[in-house]
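K.L.:
Sharing a structure below in structure tokens format, with a few things to ask.
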Amino acid sequence: MGNIDIDAKIYVDPSCDILYSSFYIYGLQQVYGKKQIKFISKYFKDFKHDNHFFAFVVVNNKSIKKIIIDFTDSSNIDEKVLNWCDVYGKINLEENLEYSEKIVAIGPSFGIQIYNPIETVFIAIKNFIKSSSRIPNKRRFFSDYRSQLKRPSYSDYLPERTKPNFIFFLSSLWKREISTNSYRSNFIKACKENQNIEFKGGFAPRSKNDIQGFEENTLGDRMSIDEYLHNTKLSILVFNTPAVKSCHGWKLAEFLCLGKAIITTPLSRVMPGSIIAGVHYLQSDGSKSDISLKIESLVNDSAKRLALETNARKYFMENLEPKIVIQKLLSMCSE
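In structure tokens form, the structure reads like this:
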């Protein structure tokens, strides 16, 4: 990973989207410790609060290195940000395209709680004061901190023993993602039709109930994140499909972190390292018939499930763990 100066000062943009940035702030804490990380606006005057990217700089006696982590759903590159930074880590990169040498695929992540309630209130107010002129939507800024507080901590994402023949799936419906909705619906139907499976879950209800055709598979009430995580851990397998704009969703990162046996439609964005269908996950074409076959193969083969679980967790720890992502970006700065 190259030489990393653990005594360097880390300066983070106080206008950052704390929910989407939490995974990477935790990675910085893993590498440097909390005391080395400060929120200041000095280096980030041209940036505004949005949910597009996380900016930080690494300062030591010899240099200042500027790093961007782009977590937008789109595969587009922000040229202004690219020109500002030394390294540009991006979750959603398209396959088979040439990118600047600054740009690197970092894979998916998920939001985590990194501050307790008192810290959350204190840091939210302090960062708002530091960057208020760069925060177009004040309500959303504080909402991000509240959402961060409701998330599980990173230590909650540890693999646990599964429940025999139990499958859990909870997901959202998207207005513009017709294929995503269809694949998810096919998975729910395949589970419900399998007499050997105890299935729990469905689609989360939308407040406006504005997507028709999925009513019979939509839950009556929303589920808490704690219940969602508990049931996901119990499930003998999970289902993933790229979501908005074909992006890597949080679920993929969560499933890999939890060491789950994953069935997924083809991954449409670049993943770091080597991730192989049949080794780290089972790939499906998304049809109900194919999903049913994949489910049956895993329900009936505990050895295959165990292999997928082990390989998924290993892949996460080697490529997606917060500190690994940070170390990778830092090593690119020193090359």
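Under my numbering, think of the first position of the sequence shown as 28, with each following residue one higher.
Every residue, glycine too, gets a C-beta built ideally from N, C-alpha and C.
Write down the C-beta distance between N346 and P299 rounded to the nearest angstrom, noting that I regard them as a contact closer than 8 Å.
P.N.:
Rounded, the Cβ-Cβ distance is 5 Å, consistent with contact.
K.L.:
For K219 and F226, which I take to be in contact (beta-carbon distance under 8 Å), what is that distance rounded to the nearest angstrom?
P.N.:
Indeed they touch by this definition, with Cβ atoms about 6 Å apart.
K.L.:
Going by alpha carbons, who is nearest to N123 out of A334, L256, A132?
P.N.:
Comparing Cα-Cα distances from N123 to each of A334, L256, A132, the minimum goes to A132.
K.L.:
Give the straight-line distance between the Cα atoms of S48 and W111, rounded to the nearest whole angstrom.
P.N.:
C-alpha separation (whole angstroms): 19 Å.
K.L.:
From this set, T189, K165, I33, I141, which residue's C-alpha is nearest E176's C-alpha?
P.N.:
Reading off the sequence shown, one finds Leu at residue 176, where the question assumed Glu. Answer by Cα proximity: I141.
K.L.:
Would you identify the three-state DSSP class for N213, choosing helix, strand or coil?
P.N.:
Note: N213 maps to helix in three-state DSSP.
K.L.:
In terms of alpha-carbon separation, which member of H79, N78, K93 lies closest to V85?
P.N.:
Nearest C-alpha to V85: K93.
K.L.:
Is it buried or exposed for M28, if we count other Cβ within 10 angstroms and need 16 for buried?
P.N.:
Any reading at M28 is ruled out, since the residue's pLDDT is 48, under 50, leaving its predicted position unreliable.
K.L.:
With contact counted as at least three CB pairs below 8 Å, one residue from each stretch, are the segment 144 to 157 and the segment 190 to 201 in contact?
P.N.:
With a cut-off of 8 Å, the segment 190 to 201 and the segment 144 to 157 do not count as touching, because too few Cβ pairs lie within range.
K.L.:
If you draw a straight line from the alpha carbon of I130 to that of E243, how long is it in whole angstroms?
P.N.:
In a straight line, the C-alpha of I130 is about 44 Å away from that of E243.
K.L.:
Quick check: what's the CA-CA separation for V271 versus L309?
P.N.:
Taking the straight line joining both Cα atoms gives about 21 Å.
K.L.:
Ordered along the chain, which non-local residues of its own chain (more than five positions away) have a Cβ less than 6 Å from that of G138?
P.N.:
Contacts found: L46, S49, R178.
K.L.:
Using 8 Å as the Cβ pair cut-off and three pairs as the minimum, do the segment 287 to 296 and the segment 311 to 331 touch?
P.N.:
Output reads yes: the segment 311 to 331 touches the segment 287 to 296.
K.L.:
For P186 versus G276, is the C-beta spacing smaller than 9 Å?
P.N.:
Not in contact: P186 and G276 (Cβ atoms no closer than 9 Å).
K.L.:
Any contact between the segment 332 to 350 and the segment 52 to 59? By contact I mean 3 or more CB pairs, one from each, below 8 Å.
P.N.:
Yes, the segment 332 to 350 is in contact with the segment 52 to 59.
K.L.:
Determine whether the beta carbon atoms of T245 and E281 lie at a separation below 9 Å.
P.N.:
Result no, Cβ atoms of T245 and E281 do not sit closer than 9 Å.
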